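Residue numbers (this note's numbering), protein chains in the order written: chain A, 7 to 278; chain B, 710 to 1122.
Written out below as structure tokens is the structure these notes cover.
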Amino acid sequence: MHVVVCVKQVPDTTNVRINPKTNTLMREGVESIVNPFDEYALEQALALKDKFGARVSVVSMGPPQAKAVLREALARGADDAYLVSSRAFGGADTLATSYTISLAIRKISGGGAPDLVLFGKQAIDGDTAQVGPGVSEFLDVPLITYVKEMDVSPSADGAPAAWRVVSAMDDGEHVIEGSFPAVMTVLKEAAPPRYAPLSGAIAAGRAEIAVLDEKALAADAAKIGLGGSPTKVVTIFPPPARDGGEKIDARGDAARGARALAEFLSRKGLVK
Amino acid sequence: MADAPVYIDPRLCKGCGKCVKGCGFGALKMVDAPGTNKAGKLAEVDPSACRACSACVSACPFKAISEVKREVVGTDDLDSYRDIWVFAEQNAGRVADVAFELLSKGLELKAQRGGGARLCAVLLGAGLSDDAKNALVAAGADVVYVVDSPALADYEANVYVDAVSQLIIKHRPEVVLAGATAVGRAFFARVAVKVRTGLTADCTMLKVEETKNKDTGAMQMLLHQTRPAFGGNIMATIMTPNHRPQMATVRPKVFKKAPPDPARRGKVVMEALKLAAAKTKLVKVIRDPGAVDIAAQEILVSGGRGLKKAENFKMLFRLAEILGGEVACSRACVDAGWCPVSRQVGQTGKTVAPRLYLCFGISGAIQHLEGIRGADTIVAVNSDPCAPIFGVADFGVVGDLFEILPRLIEELG
Chain A
7 MHVVVCVKQV PDTTNVRINP KTNTLMREGV ESIVNPFDEY ALEQALALKD KFGARVSVVS
67 MGPPQAKAVL REALARGADD AYLVSSRAFG GADTLATSYT ISLAIRKISG GGAPDLVLFG
127 KQAIDGDTAQ VGPGVSEFLD VPLITYVKEM DVSPSADGAP AAWRVVSAMD DGEHVIEGSF
187 PAVMTVLKEA APPRYAPLSG AIAAGRAEIA VLDEKALAAD AAKIGLGGSP TKVVTIFPPP
247 ARDGGEKIDA RGDAARGARA LAEFLSRKGL VK
Chain B
710 MADAPVYIDP RLCKGCGKCV KGCGFGALKM VDAPGTNKAG KLAEVDPSAC RACSACVSAC
770 PFKAISEVKR EVVGTDDLDS YRDIWVFAEQ NAGRVADVAF ELLSKGLELK AQRGGGARLC
830 AVLLGAGLSD DAKNALVAAG ADVVYVVDSP ALADYEANVY VDAVSQLIIK HRPEVVLAGA
890 TAVGRAFFAR VAVKVRTGLT ADCTMLKVEE TKNKDTGAMQ MLLHQTRPAF GGNIMATIMT
950 PNHRPQMATV RPKVFKKAPP DPARRGKVVM EALKLAAAKT KLVKVIRDPG AVDIAAQEIL
1010 VSGGRGLKKA ENFKMLFRLA EILGGEVACS RACVDAGWCP VSRQVGQTGK TVAPRLYLCF
1070 GISGAIQHLE GIRGADTIVA VNSDPCAPIF GVADFGVVGD LFEILPRLIE ELG
């Protein structure tokens, strides 16, 4: 069994701030982290390694620094790691990114689709949740999103044969069954990520990480990077501000605070 | 190696750094270049961070920065794409509210677009009632395309993708919108790839306006798709100039639903499509009868990290009961295991637009504020007078929520 996990290095957006003078992002000092949702996808893959001896490959598209997230995945138990990286990939939107990553996945699984491709539910920097579904289309493999539980059952010879997952949708939990290959996106409600053993971290630090560029992937130049991206960012601007209203300080006099609040609600007609 | 989307002429660059300030993506920096100009610095662009928005081109007082023109491979025959479509998600035959919200916005877009564009709804399902179709017409659809097939009885991403892609290829809409629900987000992203066009997720503003195509110079009616980026720290307007359809998703409650007009007339078109076979099997749907849709609530009482533990949410439930609302929370409470993710408000949770959003112990991270932008009235109680939540609250109380909350319950109860 071969499982490919796609991980992304993202800025810790909880710490990204706007410079109020210039209205631009202040990136200095913002830490790069593994997209938190991807860690849950990796955990699902490693559980399949524990159970079936699956080969777990990790793929990341990004600048050379993104090797750090691949090393982290190796430290936790992934078998091999690939960085999809080239200046030619710069500015890719979700279509061009899905195309590029699907080529990389085919490349590392010998031309076809691996048994399972896992993504986190979404990346916290772009928040689009579009690349997992996009890759499933390029690979022409069934797509299951928002997976919170996964159960893989073996056939008579012990090899993984079929899966049953619980997908959290708006109207409830969908219990879905199917066979391989499949592309799934994984939720935080799935099993918590494991820690890397020290020995794994040391080995991962030394591991070679293959870099795949447009030549290695034999990518169509018209489909990658900014030129291969149908969507164009035209303008950027700071979010519209909402003005704060009345504020009272009720430290030391909670009764007054509660009364003022109740009065405000009643003045606004929000309480009977 | 590909070129960066912008070219900086080293002979014209004065090393002033204005372009660095003008770039919203942190793609420009000044590098030391002794002897090139008085400042001894030149601007340099990082092609992996540059989004070709051309803000730096206008920011440079010396005309040192220009856009690099490139060959465009887009959709053929752009002008043959015309109508504005809304995907009408339904569940058990009931059309989701977000479809009506999008039809209301669609009416505005149709007026802006002109040129005979029609507003159309796409309805997939099995055994669909006339009520659903009529409701879509009353909400503004000139045409309702219906695919009614047993294969569409349940949501299966792969069959949904096939149905909508076939319709797009057949009818060539210019704009296609869908709700950014669990269903809409997943399969729509795959549809966009299947028809090889762009898709902008979670738009908060949409308009159609005559715009100059930067690649061809032609004037076109383009959909301006505005969405928050980088955790809501910045807004970006995105366009799909050379590909059709122009596709976007919008979260529920971002646009307001206009009242239906039963006098409206529209055409229902039954589409008999040969659909791909389902590749997965839906065994069952486990519905939680206690589940609440916080996005549908008029009044939300919300708690954050300041609540300190799960059992303190009991007070919020009591207050919500008094006010006739429901309980929501911030991401921290979900991460701590105090609340289920279904109650989470914000960028990775739900967007809400209640009449009253009453929050306790929520500091107001930008990701949270993004999710409550549509609230009519925001009231906040927090012990930190500098908490960002007070910057958006219509009424704020600085104080200890554990002292204020019980007294408020007493006042109102």
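Ideal placement from N, C-alpha and C gives every residue a C-beta, glycine not left out.
As the structure is a prediction and not an experimental result, all values here were calculated from the model.
Here DSSP, grouped into helix, strand and coil, assigns Pro69(A) to coil. From the beta-carbon of Ile39(A), no residue of chain B is found nearer than 8 Å; the closest lies around 13 Å away. Between Arg61(A) and Asp44(A), the CB-CB gap reaches or exceeds 7 Å. For Leu991(B), the enclosing beta strand (DSSP E) has its first and last residue at 990-995. Excluding its 5 nearest sequence neighbours in each direction, Ala1084(B) has C-beta neighbours in its own chain below 7 Å: Val1061, Ala1062, Pro1063, Tyr1066, listed in chain order.
Relative to Tyr46(A), the option among Ile254(A), Leu276(A), Lys14(A), Arg262(A) whose CA is nearest is Lys14(A). Going by DSSP, Arg170(A) is part of the beta strand (DSSP E) stretching over 166-175. For Asn867(B), the uninterrupted alpha helix (DSSP H) run begins and ends at 866-880, by DSSP. Proximity of Thr241(A) to chain B, defined by a Cβ-Cβ separation below 7 Å, is satisfied. The beta carbon of Ala761(B) is closer than 8 Å to those of Pro714, Val715, Glu776 in its chain, skipping five residues each way along the sequence.
Between Ala1096(B) and Gly1073(B), the CB-CB gap stays under 7 Å. Contact annotation: in the segment 118-146 of chain A, residues whose CB is within less than 9 Å of a CB in chain B are Lys127, Gln128, Ile130, Asp131, Gly132, Asp133, Thr134, Ala135, Gln136, Val137, Gly138, Pro139, Gly140, Val141, Ser142, Glu143, Phe144. Chain-ordered, the chain B residues with CB closer than 7 Å to the CB of Lys274(A) read Thr1086.
In this structure, Ser66(A) lies away from Leu101(A), with their beta-carbon atoms at least 7 Å apart.
Inter-residue distance for Ile878(B) and Ala51(A) is about 37 Å (C-alpha atoms, whole angstroms).
In the three-state reduction of the DSSP assignment, Arg760(B) falls in the coil class, being assigned neither a helical nor a strand state. By the neighbour-count definition (other C-beta atoms within 10 Å, threshold 16), Ile114(A) is a buried residue. Between Val1107(B) and Pro1094(B), the C-beta spacing is below 7 Å. If you draw a 10 Å sphere on the C-beta of Val217(A), you find fewer than 16 other C-beta atoms in it, and that means exposed. Separation of Lys727(B) and Ala764(B) (C-alpha to C-alpha, rounded to the nearest whole angstrom) is 11 Å.
Using a 10 angstroms sphere on the CB of Leu833(B), the tally of other CB atoms reaches 16 or more, which defines it as buried. Taking Lys723(B) as the centre and dropping the five residues before and after it, the same chain places the C-beta of Asn746, Phe771 closer than 6 Å to its C-beta, in chain order.
Of the candidates Asp871(B), Gly1012(B), Met948(B), Met948(B) places its Cα closest to the Cα of Asp99(A). Neighbours of Ala72(A) in chain B, taken as residues at a C-beta separation under 9 Å, are lacking, since the least C-beta distance is about 10 Å. Residues of chain B with a Cβ closer than 8 Å to the Cβ of Ile182(A) are, in chain order, Thr989, Lys990, Leu991, Val992. Between the beta-carbon of Arg960(B) and that of Ala889(B) there is about 5 Å, and that keeps the pair under the 8 Å contact cut.
With a cut-off of 8 Å on Cβ pairs, the segment 879-888 of chain B is not in contact with the segment 186-202 of chain A, counting fewer than three such pairs. Using a C-beta cut-off of 8 Å, the segment 806-814 of chain B makes no contact with the segment 739-755 of chain B, since fewer than three inter-stretch Cβ pairs fall below that distance.
Within chain B, no C-beta atom comes nearer than 7 Å to that of Ser159(A); the closest sits roughly 13 Å away. Annotation: Cβ neighbours of Pro714(B) in chain A (cutoff 7 Å, chain order): Gly97, Leu232. Counted as a single uninterrupted DSSP element, the stretch harbouring Ser115(A) is not any alpha helix (DSSP H), since DSSP gives it neither H nor E.
Pairing Gln128(A) with Gly263(A), the inter-Cα distance amounts to about 40 Å. Listed along chain B, the residues sitting closer than 8 Å to Leu101(A) by beta-carbon distance are Ala901, Val902, Arg905, Thr906, Gly907, Leu908. Contact with chain B is absent for Gly83(A), since none of that chain's Cβ atoms lies less than 7 Å from the residue's Cβ. His952(B) sits close to Pro236(A), with the two beta carbons spaced by under 7 Å. If you check the CB distance, Ala1102(B) and Gly250(A) come in under 7 Å.
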